[in-house]
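Numbering (this note's numbering), first residue to last: 1330 to 1482.
These notes are about the structure you will find just below.
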């Protein structure tokens, strides 16, 4: 569209009349919106996560949620930061962990606490009953303090 000022013709410019610019804007807006929504979803999943401990092998993994821990007792001695964990039987936590451990017998396992590797390449030998509970080393005092804090919230 052209218009004239004092006999000089000018082309009227409109951002939205240029189809390429409009299409590029729509594409960028769509991609940006998807990226923002995905990022917010991941953040909210991370915040809502109650996974305290994660056990993983090459073949599978098991997430120990806060709800699965019936009780714990600080068993730290001589600079070993260990807790004794008693599992609840709700949601079949005890049988599921036992199944994971027996299924991965003689495998190497990594243990993560709060998404940080705390034990690497633990050899899974004979697995005993988890009915009474089990000991879990947390590596250092700050992990032990964080574990207690997460369990008490």
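All residues carry an ideal CB built from backbone N, CA and C; glycine is no exception.
Ranked by Cα distance from residue 1409, the first of 1418, 1417 and 1466 is 1466. Minimum Cα-Cα distance from residue 1429 among the listed residues 1443, 1454, 1405 and 1444 corresponds to 1454. Residue 1387 and residue 1352 have their C-alpha atoms spaced approximately 46 Å apart. In this structure, residue 1456 and residue 1434 form a Cβ contact; the two beta carbons are roughly 6 Å apart against a cut-off of 8 Å.
Around the CB of residue 1412, 16 or more other CB atoms lie within 10 Å, so the residue is classed as buried. Distance from the CA atom of residue 1461 to the CA atom of residue 1401, rounded to whole angstroms, is 11 Å. When DSSP states are grouped into helix, strand and coil, residue 1411 belongs to the strand group. Scanning its chain for C-beta atoms nearer than 8 Å, with the 5 sequence neighbours on each side dropped, one finds around residue 1451 the residues 1437, 1438, 1439 and 1440, in chain order. Secondary structure at residue 1449: strand, using DSSP grouped into helix, strand and coil.
The beta-bridge partner set that DSSP reports for residue 1382 consists of 1393 and 1442. Note on geometry: alpha-carbon atoms of residue 1427 and residue 1458 lie some 7 Å from one another. Excluding residues up to 5 positions away in sequence, 1399, 1400 and 1462 lie with their Cβ nearer than 6 Å to the Cβ of residue 1415 in the same chain.
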